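As structure tokens, the structure follows; a few thoughts come after it.
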Amino acid sequence: MKLVERHIIQATHRFYAEIDRLCFLSKNLYNYANYLVRQSFIFEKKNLSYYDLQKTLSTQVDYKAMPAKVSQQILMIIDRNWKSFLAANEVYKQHPSKFNARPRLPRYKNKITGRNIVVYTKQAISKRELKQGIINLSKTGIYLKTLVPSSQIKQVRLVPRLNHYVIEVVYEKCEKQYELEKNRCASVDIGLNNLATLTFKGAGIKPKSDQWQTIKIYKSIL
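Under this note's numbering, the first residue of the sequence shown is numbered 135, with each subsequent residue one higher.
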């Protein structure tokens, strides 16, 4: 399963300015890619894919302003947004009554105040630092301590919020498998006078009658 370790970066944090700059650069590339897809869709009736964008933008200034693997993630985001729009648009054509309005084209982000998420895959994170429990994003001065084992980390995201940023360390952890004990069970009944009545079987508790035990949880206890 995928889990997230979050770090809140307020405006007074030493990394805030750099993260803000990166999210601004991400916005520039996002808008540029979105412009190309919109123009192609509106005037040529053609849907540009991620590979089309990658081929067109890989030599452009906005693409090269960040590490290649980071810019690729931005193009993947715009590609997913357009796929979602196209899928919704097809459903709208068949069943317009299911929608309040026709699905809109993915919008541009504000030129001045707009910011976009930045995604660093594990390949764009310093391996040397990661072995010491520190995340250093490629070509940045951002150094962040993490409690996540390096082998579990999948990516790090810089996520813009209303008045702060969130650094999300995305990692994968194996779920623990538990064997069900079929001879043990419980049932909860939400009541009116009582908050709830819990009936269970077994679990090492002596039953009052037969093999069942009932506990009433009163509201007054709370």
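Glycine residues also receive a C-beta, built at the ideal position from the N, C-alpha and C atoms.
A quick note: this is a predicted structure, and the numbers were derived from the prediction, not measured.
In the DSSP assignment, Cys319 falls within the unbroken beta strand (DSSP E) covering Cys319 to Ile324. Taking C-beta atoms as the reference points, Leu281 and Glu139 count as a pair closer than 8 Å. Proximity to Glu315 across Phe334, Ser284, Tyr277 and Gly325 peaks at Phe334, based on C-alpha coordinates. Inside the segment 157-204, DSSP marks whole alpha helix (DSSP H) runs of 4 or more residues at positions 184-191 and 195-198, from first to last along the chain. Inter-residue distance for Asn327 and Glu309 is about 39 Å (C-alpha atoms, whole angstroms). The beta-carbon separation of Lys307 and Met135, rounded to 6 Å, stays under the 8 Å limit for a contact.
Here Asn165 is buried: its Cβ has 16 or more other Cβ atoms, across all protein chains shown, within 10 Å.
Of the residues Pro230, Tyr277, Arg249 and Ala221, the one whose Cα lies closest to the Cα of Ile259 is Tyr277. Collapsing the DSSP output to three states places Ala258 in a helix. As the crow flies, the alpha-carbon of Tyr197 is around 59 Å from that of Arg318. Within a 10 Å sphere around the beta-carbon of Val204 sit 16 or more other beta-carbons, which makes this residue buried. A Cβ-Cβ separation of about 15 Å leaves Gln188 out of contact with Thr255 under the 8 Å criterion. A direct Cα-to-Cα measurement between Tyr150 and Ile143 gives close to 6 Å. Boundaries of the beta strand (DSSP E) around Ala330: Asn328 to Lys335. About 5 Å separates the beta carbons of Val252 and Leu156, which is inside the 8 Å limit, making them a contact pair. The shortest C-alpha to C-alpha distance from Ala167 to any of Asn297, Val322, Leu220 and Arg241 is the one to Arg241. Among the bridge pairs identified by DSSP, Arg291 is matched with Val253 and Glu302. Boundaries of the beta strand (DSSP E) around Asn270: Ile268 to Asn270. A check of alpha carbon separations from Val290 across Met210, Asn181 and Glu302 identifies Glu302 as the nearest.
Assignment of Arg238 by DSSP, reduced to helix, strand and coil, places it in the coil class.
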